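As numbered in the working numbering, residues 212 to 277 make up the sequence shown, in order. Below you'll find the structure, written out as structure tokens, and then a few comments.
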Amino acid sequence: MTIDKELLDILACPVSKKPLELSEDGNFLVCKDSKLVYKIQDGIPIMLVDEAIPLDEWEKSQEKDG
């Protein structure tokens, strides 16, 4: 399940306040400014900083999976 385009347009990273990018698979929101990745679960973005994944770790896991 992916996120609604209108919701994506208004969401911002809670750390950097910058816009987020949807990952290619549609399961994550990526903030390149804060270097954090937020999971989308059942169409709902989990925007908790404590649950964010560091960008470098997420990229490594994507390389292994992809």
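We put the CB at the ideal spot given by N, CA and C, even for glycine. In this text the structure is predicted, and so the values were computed from the model without any measurement.
Option nearest E217 by Cα separation, candidates K250, S227, L233, K228: L233
Simplified DSSP state of V260, which is helix, strand or coil: helix
Distance between S272 and E235 (C-alpha atoms, nearest Å): 14 Å
Residue from K243, G254, E262 with nearest C-alpha to E270: K243
K229 beta carbon near the ligand GDP (any heavy atom closer than 8 Å): As presented, the structure is devoid of all ligands, the ligand GDP included, so that no description of it is given.
Identified DSSP bridge partners for V248: V248 pairs with V241, I264.
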